[in-house]
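Position one of the sequence shown corresponds to residue 1 (the UniProt record's numbering), numbered consecutively onward.
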Amino acid sequence: AHEISVLCDAEVALIVFSTKGKLFEYSTDASMDSILERYERNNCVEEEAAASHFQSQASWSFEHTKLKAKIEVLQKTQRHFMGQDLESLSLKELQQLEQQLDTSLKHIRSRKNQLLYGSIADLQKKERALQEQNNVLGKKIKEKEDEIEIAQHQQQQTQYQESPTFVLAQALPCLTIGGTYLTGSGSGSGVRGEEEGVQVLTQRSNTIMPYWML
């Protein structure tokens, strides 16, 4: 024991009972009590760790069994909902299954209607947005057409004012072709008519005729 304690650099305690029941003990530098106390303390820690590990394994095993049973129940319920394995069900169980199916269908219809109403609301919102865009585009097109029409009218007016006919018409005075001859009975009326005729001829002679009218 002493050699082992020296070679292994360990504390060794040895207790031996002879065949006659006599006690022999040996301990290294530390006392026997301190070595035994340390041994018991370490042994308790190992036992607690082993017990904890065992409890953990037992807990996992229990959880596994519990989850397995739950999965089996869910699979069985799923088969019942699909109309399978109904022979083993009693009348009361079938009625409960029917009520569950009715409740599930109500929830499904409610959710379906909710989604449909949401889709309709979104489509109506998009429709209003497109209508507003269409109105804005129509207004812009109308304004553009009005601008084009005004520009064309101004261009036509400018071209007409710059045409030779318009310029010549503005340059030439108004011509009065023909005259008014008054006739009447008596010499007085004849003289007045001749005088007015002379005045008209005088006015005509004073009017400058353009070359294209000669």
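Where is the CB? At the ideal position from N, CA and C, for every residue including glycine. Keep in mind it's a predicted model, so treat the numbers as computed, not measured.
Check: Any beta strand (DSSP E) of 3 or more consecutive residues that is wholly inside the region 3–87; Outcome: 13–17 and 23–27
Check: Where residue 89 falls: helix, strand or coil (DSSP); Outcome: coil
Check: Residue 100 versus residue 106 - alpha carbon distance; Outcome: 10 Å
Check: As assigned by DSSP and simplified to three states, the class of residue 188; Outcome: Because residue 188 sits at a pLDDT of 45, beneath the cut-off of 50, its placement in the model cannot be relied upon, and the point is left open.
Check: Per-residue burial, residue 153 [other beta carbons within 10 Å of its own, 16 or more giving buried]; Outcome: exposed
Check: 9 Å Cβ cutoff met for residue 16 and residue 23; Outcome: yes
Check: Through-space distance from residue 20 to residue 47, alpha-carbon basis; Outcome: 34 Å
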